[in-house]
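J.: Chains as they are written, first to last, in our numbering: chain S, 1164 to 1414; chain G, -14 to 266.
We put the CB at the ideal spot given by N, CA and C, even for glycine.
From a predicted model like this one, the values you see are computed outputs, not experimental measurements.
1. Should residue 154 of chain G be flagged as near chain S, meaning a C-beta pair shorter than 8 Å?
2. For residue 1213 of chain S, I'd like the list of residues in its chain whose CB is within less than 7 Å of its CB, leaving aside the five on either flank, ordered along the chain.
3. May I have the straight-line CA-CA distance separating residue 1338 of chain S from residue 83 of chain G, to the nearest angstrom?
4. With 8 Å set as the bound, which would you pick, yes or no: does the beta-carbon of residue 248 of chain G sit closer than that to a beta-carbon of chain S?
5. I'd like the list of long-range same chain contacts for residue 1299 of chain S, defined as Cβ closer than 6 Å, with 5 residues on each side in sequence excluded.
6. Going by beta-carbon coordinates alone, are residue 1336 of chain S and residue 1329 of chain S separated by less than 8 Å?
7. Thinking just about the alpha-carbon of each residue, which of G:248, G:220, G:237 and G:205 is nearest to the one in residue -8 of chain G?
8. Is the segment 116 to 124 of chain G in contact with the segment 2 to 17 of chain G, if contact means three or more CB pairs nearer than 8 Å?
9. Give me the Cα-Cα distance between residue 1197 of chain S and residue 55 of chain G, rounded to the nearest whole angstrom.
10. Between the beta-carbon of residue 179 of chain G and the beta-carbon of residue 112 of chain G, is there less than 8 Å?
11. Using a cut-off of 8 Å between C-beta atoms, extract the partners of residue 157 of chain G located in chain S.
12. Quick check: is the beta carbon of residue 198 of chain G nearer than 8 Å to any beta carbon in chain S?
13. I believe residue 59 of chain G touches residue 33 of chain G by the beta-carbon criterion, under 8 Å. Please report the beta-carbon distance rounded to the nearest angstrom.
14. Take residue 149 of chain G and list the residues in its own chain whose beta-carbon comes closer than 8 Å to its own, dropping the five residues that flank it on each side.
15. Which bits of chain G does residue 1220 of chain S rub up against, with CB to CB less than 8 Å?
16. Between which residues of its own chain and residue -3 of chain G is the CB-CB distance below 7 Å, once the five residues before and five after are set aside?
17. Cβ atoms of residue 218 of chain G and residue 197 of chain G: under 8 Å apart, would you say?
18. Residues of the segment 199 to 233 of chain G in Cβ contact with chain S at a cutoff of 7 Å, in chain order, please.
19. Pairing CB atoms from the segment 1313 to 1326 of chain S with CB atoms from the segment 1226 to 1236 of chain S, are three or more of them under 8 Å?
20. Leaving out five residues before and five after residue 1354 of chain S in sequence, what residues of the same chain have Cβ atoms less than 6 Å from its Cβ?
21. Between residue 101 of chain G and residue 91 of chain G, what straight-line distance do the alpha-carbon atoms span, to the nearest angstrom?
22. Short of 6 Å in beta carbon distance, which residues of its chain neighbour residue 1211 of chain S, apart from the five on each side in sequence? Order them along the chain.
23. Please tell me whether residue 1316 of chain S has its Cβ less than 8 Å away from any Cβ of chain G.
24. Which same chain residues end up closer than 7 Å to residue 242 of chain G when comparing Cβ atoms and leaving out the 5 residues on each side of it in sequence?
25. Beta-carbon of residue 1278 of chain S versus every beta-carbon of chain G: anything under 8 Å?
26. Quick one: using the 10 Å Cβ neighbour count with 16 as the cut-off for buried, is residue 237 of chain G buried or exposed?
27. In whole angstroms, what is the alpha-carbon distance linking residue 250 of chain G and residue 1295 of chain S?
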């Protein structure tokens, strides 16, 4: 693994939980340190499975995933403490007994030792992450009472609270209100640039492709069908009936 | 004799202390069982304890010990099997519950003087007046041990109750904590068998947590109030049984179900949901 390579997939095939057919088929990829990569493709093309294979939540039945030079299946717990993950369409039911601040603080748990409780520094890191996203006023609100967009921001704050080295975002802008759709992508760009965050964004809607995106990976039927610059990805994505056109939206 | 004068007897004092401890523990563990969606497993396991206790009666060994072995074996097998075979919770319950009940009735049939044996009745319906001092020592130890365990691994349990997959994504190895709760539920159920018996014990694990979850939007409050509700319902059930001269276990379950029904009627969460649905129409 070269020094710059932070994530490496070698001939990886994965089955999504509860399914019998592979959702990711024989994928080989290398993501370099500080890259901002868009993973695009139609619904059910294997994008989420690819992301969950990278952070080790889904074990591949074939091939090997290496993150920070370590095998994710052997050192997953340790590696995941360094990966901020925002899952797709995560919604908490109304009436669920969790406050937004508690959910953000959970992002710190991997860093806190066994049998230990969160310290004041952990609580401050969670609060800072909420401030960064602009949701500190939601800290005491029950999660179930928040809108879809607010919950999505809480999940992003949770991912950032752990001060990750890698950010994996699965459709992170899908539930945001129009104002936040402008702010949050800008914030992700800023974090990526200022904190050297290696960032992978999964989406089927590329209306809000970030300025700093230098690479697009197109996934179709579980396979990587394109891996290159956004400009070169354009015709491919345009022609796909289920993927929103890049035309006129990429800055 | 006036009903409260019963508590002048050591036997009833032990019964009261057992109600307080077991009610508290069942209410506490019930929160994890409900929130981690382990209800089906808890259900199978509590009947595993019942089958084990029945074996104890049949073989003239301590029903508590055999109940504990059966509950533990059920707990230790069900967790990994459910994980490996990716079985739906309903499937596990549908298979293990009748199996445990069938085993329990086979064991009870093999018991000497079947049907009339007071020990058989104790296993089926519970017998709080048969609480011994050593039973109480076990319960107190279990009470202290469970509280200490929950205190020290609270953050892991809290994260898993919110969402297991996200807890994994944050670097928590969730499996040992889930198995720990399943095992702990098995032990608590077994030690509480004398309260309500094997047929009704599950209600005590499920009702207090479900009652409190109708009201609170803060998990820290749920974890405090659910054991209190468990404790209050078991003590009230005991008092009702003394007052009306009815079986203790049945009274405890009836009281806890009535409390849950009131919670359902008064729940602000449910009312909000109804208003929301009405507005959507």
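T.: Taking the coordinates as given:
1. yes
2. Within the same chain, residue 1213 of chain S has close Cβ partners 1187, 1190, 1202 and 1382.
3. 45 Å
4. no
5. Only 1293 meet the Cβ criterion.
6. No, these two residues do not count as a Cβ contact at 8 Å.
7. G:220
8. yes
9. Each residue's alpha carbon lies about 54 Å from the other.
10. yes
11. 1240, 1272 and 1273
12. yes
13. With a Cβ gap of about 3 Å, residue 59 of chain G and residue 33 of chain G count as contacting.
14. 21, 159 and 163
15. 150, 153 and 154
16. -9
17. no
18. Listed by position, the residues of the segment 199 to 233 of chain G near chain S (Cβ gap below 7 Å) are 201, 202, 203, 204 and 207.
19. no
20. 1360
21. Legend: pLDDT at residue 101 of chain G = 46, less than 50; position of this residue unreliable, value from coordinates given subsequently. The alpha-carbon of residue 101 of chain G is positioned some 15 Å away from that of residue 91 of chain G.
22. 1251 and 1333
23. no
24. 188 and 192
25. yes
26. Buried, because 16 or more other Cβ atoms sit within 10 Å of the Cβ of residue 237 of chain G.
27. If you draw a straight line from the Cα of residue 250 of chain G to the Cα of residue 1295 of chain S, it comes to about 41 Å.
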